[in-house]
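Engineer: In my numbering, the protein residues as written are 43 to 117. Sharing a structure with you now.
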């Protein structure tokens with residue numbers, strides 16, 4: 043697997059991307075099967091997102107890079 047050099051985005055960049063796409067954060071959350079209120083808490087920092095559902099949401103938003111996707115496999 044190739045190593046990814048993508049950097050995480052900020053919460054404001056995520057919000058702007060939703061505006062650019064013409065969707066609300068509620069629509070974004072529901073399309074991915076997430077609770078919109080919980081996503082809002084993740085986005086505002088009320089939920090740290092260090093593990094579990096919060097972490098998965100942060101990765102989906104692009105606020106965190108998934109360590110599994112960035113690790114390079116060596117043979």
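C-beta atoms are modelled at their ideal positions from N, C-alpha and C, and glycine is treated no differently.
Could you check the C-alpha separation between residue 52 and residue 62 for me, to the nearest Å?
Structural biologist: Distance between the alpha carbons of residue 52 and residue 62 is about 15 Å.
Engineer: Can you list, in chain order, the stretches of the alpha helix (DSSP H) that have 4 or more residues and sit fully within the segment 53-99?
Structural biologist: If we require 4 residues or more, the alpha helix (DSSP H) runs fully inside the segment 53-99 come out as 53-63, 67-73, 78-86.
Engineer: May I have the straight-line CA-CA distance separating residue 49 from residue 56, to the nearest angstrom?
Structural biologist: C-alpha separation (whole angstroms): 13 Å.
Engineer: By Cβ distance below 8 Å, which residues in the same chain neighbour residue 67 in space, the five residues on each side in sequence not counted?
Structural biologist: Closer than 8 Å at Cβ, skipping near neighbours: 57, 60, 78, 81, 82, 85.
Engineer: Alpha carbon to alpha carbon, how far is residue 97 from residue 90?
Structural biologist: Between residue 97 and residue 90, the C-alpha separation is close to 8 Å.
Engineer: Counting C-beta neighbours from all protein chains within 10 Å, is the total for residue 100 16 or more, i.e. buried, or is it exposed?
Structural biologist: By the neighbour-count rule (16 or more Cβ atoms within 10 Å), residue 100 is buried.
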